[in-house]
Amino acid sequence: MKKSIGQIKAEALEKLQSAPDLESIQALSIRYLGRKGIVTQFLRNISKLPPQKRPDIGKEANEIKHFLDAQFREAIRRFETEPSETDDRIDVSLPGRTAQRGYLHPITQITLQICDIFTRLGFDIAEGPEVEKDYYNFEALNIPKNHPARDMQDTFYISDAIVLRTHTSPIQVRVMEKHSPPLRVIAPGKVYRCDSDLTHTPMFHQVEGLLVDKKVSFGDLKGILTTFVHRMFDDQTSLRFRPSFFPFTEPSAEIDILCVQCRGKGCRICSHTGWLEVLGAGMVHPAVFEIVGYDTTRYTGFAFGMGVERIAMLKYRIDDIRKYFENNFRFLKQF
Ligand code: DAH
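Letter by letter, the sequence shown follows residues 1091 to 1425 in our numbering.
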């Protein structure tokens, strides 16, 4: 052993005295007390000394190790808690930090636009629970147990009788149970399906519409939806009604709009068909009216449903739905 432990201690304290900043103190602590540090090595080498010398030197070295450790810790603590001279000075001429402004989420914005268009057409806004009874989500919409239409929806079941609603259509039933006709409502909300890819997320948003009155016809449905699409997109966006099937409407249709990108020529967005599907709709099925106790000889009605993300993707030309839910501020700021 070249240096005595006393010399090592003196040397370490001297260096600590002149250490200019936190980093150099930390470096010194490692240099002396680290795994390969000078004091640590010294302690290790004690085993090579003649046995009679070991106890005294070992005791002294251990004490010095603890002493230095305390010194380094204290010095580090002082540096961390005491403001340095430069920290003390306040530059009153510096501009303040501006608070970041928040924005309405694009999905919220589109939902509000949709609701605004329909409230101007005389529709009231209704809401319903996201954790829904099987009865409202399926049964009362003419979708009995074991009906194949249940498979289309990839339902999240909470229990046998309770589900996360797979669409906003159950709100139709809840509204009709409470109010008698005439009525016109739209119902925005979150819906859930066990599905996830480029165009599907397990949670997404729909807006449901329902109008019931005397002598309501499919022509009224066409008129309302055409007005909606023209206001949401523009007057040049034509609509196409395709026959379809939903258990709660008869007849049923799926509504396509002229592709917002290629205007019917065919492109990647519309899979070269020239058209984009945006809505499901139809005349309310008499079975649904009977379930809520409406007189089917006096009243008819139409219903429709649309996906908000789908509309938002087309309006903003975004092809990956997941972007809406990643909370990337730079993405959200654009809208
Ligand atoms: N609930 C349907 C769905 O999620 C959409 C729908 C279709 C709603 C037809 C309606 C309707 O009100 O009449 O796929």
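Beta carbons: idealized from backbone N, C-alpha and C, even for Gly.
When the Cα atoms are used, what is the spatial distance from residue i to residue j?
{"i": "residue 1184", "j": "residue 1113", "result": "28 angstroms"}
{"i": "residue 1101", "j": "residue 1145", "result": "23 angstroms"}
{"i": "residue 1362", "j": "residue 1352", "result": "9 angstroms"}
{"i": "residue 1426", "j": "residue 1356", "result": "There is no way to answer for residue 1426, as the model of the chain reaches only from 1091 to 1425."}
{"i": "residue 1249", "j": "residue 1241", "result": "17 angstroms"}
{"i": "residue 1410", "j": "residue 1365", "result": "19 angstroms"}
{"i": "residue 1261", "j": "residue 1391", "result": "15 angstroms"}
{"i": "residue 1325", "j": "residue 1319", "result": "8 angstroms"}
{"i": "residue 1413", "j": "residue 1425", "result": "13 angstroms"}
{"i": "residue 1203", "j": "residue 1313", "result": "19 angstroms"}
{"i": "residue 1132", "j": "residue 1151", "result": "8 angstroms"}
{"i": "residue 1292", "j": "residue 1396", "result": "16 angstroms"}
{"i": "residue 1347", "j": "residue 1315", "result": "11 angstroms"}
{"i": "residue 1104", "j": "residue 1167", "result": "18 angstroms"}
{"i": "residue 1334", "j": "residue 1375", "result": "14 angstroms"}
{"i": "residue 1116", "j": "residue 1256", "result": "59 angstroms"}
{"i": "residue 1201", "j": "residue 1400", "result": "11 angstroms"}
{"i": "residue 1343", "j": "residue 1337", "result": "12 angstroms"}
{"i": "residue 1329", "j": "residue 1386", "result": "29 angstroms"}
{"i": "residue 1267", "j": "residue 1383", "result": "8 angstroms"}
{"i": "residue 1188", "j": "residue 1345", "result": "46 angstroms"}
{"i": "residue 1107", "j": "residue 1165", "result": "9 angstroms"}
{"i": "residue 1130", "j": "residue 1171", "result": "29 angstroms"}
{"i": "residue 1311", "j": "residue 1406", "result": "26 angstroms"}
{"i": "residue 1118", "j": "residue 1096", "result": "17 angstroms"}
{"i": "residue 1156", "j": "residue 1180", "result": "39 angstroms"}
{"i": "residue 1159", "j": "residue 1123", "result": "7 angstroms"}
{"i": "residue 1232", "j": "residue 1190", "result": "49 angstroms"}
{"i": "residue 1238", "j": "residue 1230", "result": "16 angstroms"}
{"i": "residue 1147", "j": "residue 1182", "result": "58 angstroms"}
{"i": "residue 1421", "j": "residue 1244", "result": "29 angstroms"}
{"i": "residue 1295", "j": "residue 1340", "result": "24 angstroms"}
{"i": "residue 1149", "j": "residue 1109", "result": "28 angstroms"}
{"i": "residue 1139", "j": "residue 1093", "result": "14 angstroms"}
{"i": "residue 1247", "j": "residue 1227", "result": "11 angstroms"}
{"i": "residue 1154", "j": "residue 1169", "result": "23 angstroms"}
From the DSSP secondary-structure annotation, give me the bridge partner or partners of residue i.
{"i": "residue 1108", "result": "None; residue 1108 has no bridge partner."}
{"i": "residue 1241", "result": "According to DSSP, which records beta bridges pairwise, residue 1241 is partnered with nothing at all."}
{"i": "residue 1223", "result": "1252"}
{"i": "residue 1397", "result": "1296"}
{"i": "residue 1096", "result": "Bridge partners of residue 1096: none, in fact."}
{"i": "residue 1392", "result": "1301, 1373"}
{"i": "residue 1279", "result": "1296"}
{"i": "residue 1339", "result": "1336, 1374"}
{"i": "residue 1115", "result": "Looking at the DSSP assignment, residue 1115 forms no beta bridge with any residue, so it has no partner."}
{"i": "residue 1247", "result": "1253"}
{"i": "residue 1411", "result": "DSSP, once it has assigned bridges, lists no residue as partnering residue 1411."}
{"i": "residue 1287", "result": "1290"}
{"i": "residue 1215", "result": "1276"}
Just curious, the alpha helix (DSSP H) that residue i is in, first and last residue?
{"i": "residue 1332", "result": "Unbroken run through residue 1332 is the beta strand (DSSP E), 1329-1336; no alpha helix (DSSP H)."}
{"i": "residue 1310", "result": "1308-1322"}
{"i": "residue 1135", "result": "1128-1135"}
{"i": "residue 1261", "result": "1260-1268"}
{"i": "residue 1211", "result": "Looking at the DSSP string, residue 1211 is not in any alpha helix (DSSP H), and its letter there is neither H nor E."}
{"i": "residue 1422", "result": "1419-1422"}
Quick one, which of the options has its alpha-carbon nearest residue i's?
{"i": "residue 1099", "options": "1162, 1320, 1406", "result": "1162"}
{"i": "residue 1216", "options": "1383, 1155, 1276", "result": "1276"}
{"i": "residue 1300", "options": "1281, 1294, 1272, 1284", "result": "1272"}
{"i": "residue 1221", "options": "1267, 1192, 1280, 1140", "result": "1280"}
{"i": "residue 1418", "options": "1377, 1196, 1126", "result": "1196"}
{"i": "residue 1306", "options": "1373, 1226, 1182", "result": "1373"}
{"i": "residue 1219", "options": "1253, 1206, 1111, 1128", "result": "1253"}
{"i": "residue 1402", "options": "1199, 1379, 1388, 1193", "result": "1199"}
{"i": "residue 1309", "options": "1109, 1331, 1298", "result": "1331"}
{"i": "residue 1379", "options": "1121, 1148, 1264", "result": "1264"}
{"i": "residue 1258", "options": "1223, 1251, 1286, 1236", "result": "1223"}
{"i": "residue 1441", "options": "1304, 1321, 1186, 1377", "result": "No answer is possible for residue 1441: the residues shown for the chain start at 1091 and end at 1425."}
{"i": "residue 1368", "options": "1323, 1358, 1389", "result": "1323"}
What residue range is occupied by the uninterrupted beta strand (DSSP E) comprising residue i?
{"i": "residue 1272", "result": "Taken as a continuous stretch (DSSP letters only), residue 1272 belongs to no beta strand (DSSP E), as it is neither H nor E."}
| task | Identify every run of the alpha helix (DSSP H) within the stretch 1341-1384, keeping only runs that are complete inside it and at least 4 residues long; order them along the chain. | result | 1376-1382
| query | For the stretch 1137-1200, which segments carrying the alpha helix (DSSP H) assignment without a break, of at least 4 residues, lie completely within its bounds, in sequence order? | reply | 1144-1171, 1175-1178
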